[in-house]
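Reviewing the structure listed below.
Chains as they are written, first to last, in the working numbering: chain A, 49 to 412; chain B, 22 to 292; chain C, -3 to 540.
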């Protein structure tokens, strides 16, 4: 079975590396779309620095929204473990990605063993712009908090105003029950994701939580829209001081979510080489902009349109991995689920670096 | 003395950072010094001489001839003097201006007037998102001066505005005046969803009733305050608009009640 | 590989008086003078001071909270200018790479991250592994987790507590144990807003004192070389000197380390009800030979406070500058708060600055007072050179004092204290004493057999300049800094203890995590191979 291609021709891995390194070496502005575990991310960022390139995660759009909540505002947070053990009142905010539904159902099947130890009750803040949210919330028997035709951001605003006894133009269903439940719970927790709604709504939510903490306690659990993307953001932070979207100029990183939006750079033809990672299987590189493409993906066929394709393993499946897990709210060592010979992204990137002029090893 | 003129030779390959091309940044430099200024940021960064033909001498009066959506940070930190761009610009035009005048004859990208605290920035075309707004991580937006957009503005116009005036003549996107702290934003034309979301204080002035208002703004009825007339006269005198924006008895919403609720949206009735 | 440093003035008080002599390095280790053997490298260090590499015992250099601070404050480090980079990512402000580079350039070769929440140990170690050049170590936080508190509430045997602590230290690859505002993080989750030494954690009926004393005794019994590292209650509050004094008294003849004492040096005197109690605390430290402290000196300017003391950080939200914060109610010992702060030369800032210096100067024994700014809480570690100058020159203190708030300084003894640290005292405080405190026998001095961590400083009138840019730095005999610039990377080790886990405790841990978190224990632990570096850890022996 082939693991490397130049165009549509199967080649040896060494040939593919040599060809890819040639493209990288002569690129004016290479961009990297990341989809890797911590160690793949580390190597890719180190390579981007060496080449004066820029990087973003494959889920960059929603990741940028999640990052913005922190960079522009901050907030109050707790971990999934603490919420499970301590919170008798869970409030789901908008649409929680399906990947996290198991976690919430596990909470539903358990009882808090710290704090007030009351039987857990559930609410769900719903907006006209989060149509998929309600089905799952019903499974948890969550009491809906909504207002006809109003967006999630507006409903959150109305709740926040209402909890301060301010009248608003519309009212939210079950508000009195909600207020009573909040008053009776020692450690209410709001669960949200970057996919929950627009960025201003997330800021409003944190404002509501800050208000509650003036006299009592409340917190939030942040469940990233994509765990791997969040892991990449954390890794990027310690390596460069910045989350993605970051680019390097004269070895100096700069963070600018507009400027280093890789998709935009490709569309606007600012970039001239795209290193595209995809370990989820079955994905195709984004269309628009016809620039040279190096594909590092879990595939058994050359990626359409790619000048070089190298097949890589999926972290945690084909090889051991270190990934962010929202089950524990931090990194986790994940043993290979189905070990294979497919190389990991980090090793391929290190070989690419060593094939570049100068042949220097990367720092990670 | 002829204006110091930078004529763009061709569309640049990479994004350019023009923050050095201000009266203060160029004062005392020789032609050669100017030609050698590095303005590119890629692996083979361009210099001024690679990209522009430079003529004229008067650094107090700078003209950038031709435009490109790839020229960023035009007029950064401008304190006095004038800069005029005959075409479009990229992001962050007029970033942290404190004085002087910056005129963009084409359209501007996102974050035009970001963090400006004085001077006058006028954009004849459209402006992108986050007009006058803070960059990622910053917590204050525009803090003074006058920002005029003759065309449309994108989303988040006037985000975290603290002082100064923003006037937009052909409507704007969603979240105008998002997290405003004070200051004034005047808009003629269609306004997108939820203007004033999370605003604490300050004034949003519209020439029509906003279509999609957050429910945390409540109708305060008809107002007849001296301010609206005064402000209309000011906008006309400054040649920003040619007829009154608010009229004699504008309507008023107060909000955002999710926060302190001391902000106001004034709008012209009957449209 | 044989290296000879010749002509330098060797300041190594552990091994004798300061003198001009050669220093020899053979294969990464300090060696006796090699007679009749030609060195591979000779470095003429005339006009220089030669010391062991410095050791920082308390600096927040990596882990979840530090990383959250980076996330919260992308604008905090935008100002860095491009410099020629000969080492990857060393220009990246506040990155792990820059951290190692900047420390090495000042002649620091070992740094301890003092606050690792056990459940995020992997994250901490991933970051530490990306800090180049220096060796690292970290302390595991305990004292706010349900398991510890339940053991104490239920009067379980001390052996069980010891087994638990040994398991935590071993599985998290820690070098010691830290307790942070014992019990307060647990109490804060139940809406308790202030917490002192004899206050009681709801649910458990345990006082903070009881938690500290139990952990202190256990650390001592276990033979963990570093005594319990205590972040006391009431940090930063006017009147906290009472808490600190009570905590010092509670050491009761058993070793205890008190972190960043400066932040507890405050009384309630004066018009602003904020005064210096440094002299009193210094006396308490002087009179309790089992107590060691570090300072947490405040220097002026923008910084960010990063602490697992979530109750304290929550109460500081109103003083955030710029106004944005993250407060995290973590699992047990995790969490904390990130509150950006600017130390101004006003009354409060001036007083804090003076309190730190008073403590430095009034505590007699340089073996028991440690040089820290609690990076980045009092100031970033890049302020160290200026701090050395303040300690070594009373003129420098006087000069700085003229810029500060006179009323505040008038509330302190600073002007009357003329002590100036000698180079030997600096060598003890920043080299020999930290090595001893941490149980690192292989470093902190230049005796034969020690690892060749050597810092060479060019002697000059400008003390700050001397310490800012070391002329030469060797890490394990590898020349890594020349003329104040890192020449290349190497990757040091993370120093850890490795107690064998008690089998019954491991079983108990498995059951606990499955029952309480619904997850098997391997979600919370990791193999060494998870850190993608060759031999990322080095073991430090226990006290027998």
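All C-beta atoms in this analysis are idealised placements derived from N, C-alpha and C, irrespective of residue type, glycine included.
- If one requires a minimum length of 3 residues, the beta strand (DSSP E) runs lying completely within the stretch 96 to 132 of chain A are 102 to 105 and 122 to 126, in chain order.
- With contacts defined as CB atoms closer than 8 Å, residue 10 of chain C and residue 52 of chain C fail to qualify as a contacting pair.
- With 16 or more other Cβ atoms inside 10 Å of its own Cβ, residue 218 of chain C counts as buried.
- Bounds of the beta strand (DSSP E) holding residue 286 of chain B are 284 to 288.
- Look at residue 215 of chain A: its C-beta is under 8 Å from a C-beta on chain B.
- Scanning the stretch 262 to 333 of chain A for uninterrupted alpha helix (DSSP H) segments of 4 residues or longer gives 275 to 288 and 310 to 315, listed from N- to C-terminal end.
- When DSSP states are grouped into helix, strand and coil, residue 540 of chain C belongs to the coil group.
- Secondary structure at residue 216 of chain A: coil, using DSSP grouped into helix, strand and coil.
- In the DSSP annotation of this structure, the continuous segment of the beta strand (DSSP E) that includes residue 225 of chain B starts and ends at 224 to 227.
- Residues of the same chain with a CB within less than 6 Å of the CB of residue 86 of chain C, apart from the 5 flanking positions on each side, are 93, 94 and 97 in chain order.
- Residue-level contact by beta carbon fails for residue 85 of chain C and chain B, as no gap is shorter than 8 Å.
- Contact between the stretch 265 to 277 of chain A and the stretch 104 to 114 of chain A is present, with at least three C-beta pairs closer than 8 Å.
- Comparing C-alpha distances from residue 390 of chain C to each of C:416, C:375 and C:378 shows the shortest one belongs to C:416.
- Counting C-beta atoms within 10 angstroms of its own C-beta, residue 98 of chain B has 16 or more neighbours from the protein chains shown and is therefore classed as buried.
- A Cβ of chain C is located within less than 8 Å of the beta carbon of residue 94 of chain A.
- Sequence-ordered contacts of the stretch 113 to 129 of chain A with chain C read 115, 118, 119, 120, 121, 122, 123, 124, 125, 126, 127 and 129 [C-beta pairs closer than 8 Å].
- Under DSSP, residue 535 of chain C forms a beta bridge with C:492.
- Within chain B, no C-beta atom comes less than 9 Å from the C-beta of residue 372 of chain C; the nearest is roughly 17 Å away.
- Setting aside the 5 residues that flank it on each side, residue 190 of chain A is surrounded in the same chain by 140, 170, 171 and 172, each with a C-beta closer than 7 Å to its C-beta; the list follows chain order.
- Across the structure, residue 255 of chain A and residue 522 of chain C are spaced so that their CA atoms are roughly 37 Å apart.
- Contact between residue 85 of chain A and residue 388 of chain A is absent: CB atoms are separated by about 15 Å, not below the 8 Å threshold.
- Between residue 135 of chain C and residue 334 of chain C, the C-beta spacing is not below 8 Å.
- Fewer than three Cβ pairs drawn from the stretch 230 to 242 of chain A and the stretch 258 to 269 of chain B lie within less than 8 Å of each other, which leaves the two stretches out of contact.
- In terms of Cα proximity to residue 227 of chain B, the closest of B:211, B:239 and B:118 is B:211.
- Of all alpha-carbon atoms in C:243, C:290 and C:268, the one lying nearest the alpha-carbon of residue 257 of chain C is that of C:290.
- At least one C-beta of chain B is nearer than 8 Å to the C-beta of residue 318 of chain C.
- Annotation: residue 180 of chain B to residue 310 of chain C spans about 27 Å, alpha carbon to alpha carbon.
- The shortest C-alpha to C-alpha distance from residue 195 of chain A to any of A:220, A:323, A:321 and A:105 is the one to A:220.
- Going by DSSP, residue 391 of chain C is part of the alpha helix (DSSP H) stretching over 390 to 397.
- Using a Cβ-Cβ cut-off of 8 Å, residue 70 of chain C is close to 157 and 158 of chain B, given in chain order.
- Around residue 283 of chain A, the same chain offers 86, 89 and 90 as residues with beta carbons nearer than 7 Å, after the five sequence neighbours per side are excluded.
- Closest in C-alpha terms to residue 288 of chain B, from the list B:257, B:252 and B:282, comes B:252.
- Nearest to residue 33 of chain C by C-alpha distance, out of C:17, C:62, C:-2 and C:15, is C:-2.
- Going by DSSP, residue 141 of chain B is part of the beta strand (DSSP E) stretching over 141 to 144.
- For residue 79 of chain B, the uninterrupted beta strand (DSSP E) run begins and ends at 79 to 86, by DSSP.
- For the stretch 196 to 208 of chain A, the residues whose beta carbon sits under 8 Å from a beta carbon of chain B are, in order, 198, 199, 201, 202, 204, 205, 206 and 208.
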